[in-house]
Amino acid sequence: MTGLALSHSPLFEAVLQLADDHLILGHRVSEWCGHAPMLEEDLGLANMALDLLGQSRALYAYSAEIEGAGRSEDDLAFLRLERQYQNCLLVERPNGDFAHSILRQLYFAAFMHPFWQGVSANSADDTLRGIAGKAEKEMAYHVRHCGEWVVRLGDGTDESAGRIKAAVEALHHYTDELFQGSAAMAACAKDGVLPEAESLRPAWTATITDVFAQGLLEVPEVAYPQTGGRIGEHTEEMGHILAELQYMQRTYPNLQW
33 MTGLALSHSP LFEAVLQLAD DHLILGHRVS EWCGHAPMLE EDLGLANMAL DLLGQSRALY
93 AYSAEIEGAG RSEDDLAFLR LERQYQNCLL VERPNGDFAH SILRQLYFAA FMHPFWQGVS
153 ANSADDTLRG IAGKAEKEMA YHVRHCGEWV VRLGDGTDES AGRIKAAVEA LHHYTDELFQ
213 GSAAMAACAK DGVLPEAESL RPAWTATITD VFAQGLLEVP EVAYPQTGGR IGEHTEEMGH
273 ILAELQYMQR TYPNLQW
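If you count the sequence shown from 1, you need to add 32 to reach the working numbering.
Have a look at this one:
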């Protein structure tokens, strides 16, 4: 009974949600390995994917510890059903072209950088502070790297400007879900464990506004934000992602590395 109760604790749910965000986006970015437009960027994207996957591993491991039900980080990452994942819709969007992937990463990193800063400086949870100490530095690099690319594309050729503008049009209406959090996140914010998601909007907006101004881009108004991932309602693409992610564990149950 104790294990069941722990599995529904706000801390477990909140950390699992964070882990899902990082796992799904890390997988998406990893799809660029060997396909980036230049060798340097191939390495850069692979390193960003590894950052995200490393953060997801730490978060899944902590989730399993909190739950105390004998599940491992692999069980939580690979053996749940689609509706049990609570990642935001933004991170599961297809890579599209290079501009789409770079902008998606900027949107996410511009949120997670102040998030991890808040955890590192103020969290009452020692484990999360430890994860945040490394993650905030990694997210700062992601913001800088992707921000420079957005500026370069927006203030580049007609072709590059057209592609980054198309990416803004396709992705910006998924960004509001970053600030929604969940009931579990709100409970953890009240307990001083995690920052309140909406409180990070000014920092995110300042970063995006500055980058867009340099890239000659306009920040669009969003009348109808796209949401649902936080309650397990995903896009069609999520099923395809999980088919790849879960293949080995479902084909060879209990496989040991």
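Every residue gets a Cβ at the ideal spot worked out from N, C-alpha and C, and that includes glycine.
{"Query": "Under the three-state DSSP convention, the category Val151 falls into", "Result": "helix"}
{"Query": "Beta strand (DSSP E) runs wholly inside the region 111-189, at least 3 long, in chain order", "Result": "none"}
{"Query": "Straight-line Cα distance separating Gly58 from His67", "Result": "16 Å"}
{"Query": "Length of the line joining the Cα atoms of Ile263 and Ile56", "Result": "16 Å"}
{"Query": "Reference Ala96, options Ala142, Arg115, Gln49 and Met217, closest by Cα", "Result": "Gln49"}
{"Query": "Neighbourhood of Arg115 by C-beta, 7 Å cutoff - its chain only, sequence neighbours within 5 removed", "Result": "Gly264"}
{"Query": "Close beta carbons around Glu170, own chain, < 6 Å, minus the five adjacent residues each side", "Result": "Asp83"}
{"Query": "Through-space distance from Trp64 to Gly186, alpha-carbon basis", "Result": "21 Å"}
{"Query": "Whether Cys178 touches Ala46 by CB criterion (7 Å)", "Result": "no"}
{"Query": "Run of the alpha helix (DSSP H) containing Met270, from where it starts to where it stops", "Result": "Glu268 to Leu277"}
{"Query": "Residues of its chain near Ser152, where Cβ-Cβ distance is below 7 Å and the 5 sequence neighbours each way are ignored", "Result": "Arg161, Ala164, Gly165 and Glu168"}
{"Query": "Reference Gln149, options Val251, Val200, Ser104 and Ala235, closest by Cα", "Result": "Ala235"}
{"Query": "Spatially closest choice to Ala255 from Thr207, Asp52, Arg184 and Asp106, by CA coordinates", "Result": "Thr207"}
{"Query": "Proximity below 7 Å, CB of Glu250 to CB of Glu124", "Result": "no"}
{"Query": "Through-space distance from Leu77 to Tyr284, alpha-carbon basis", "Result": "29 Å"}
{"Query": "Met217 - containing alpha helix (DSSP H), residue span", "Result": "Ala215 to Lys222"}
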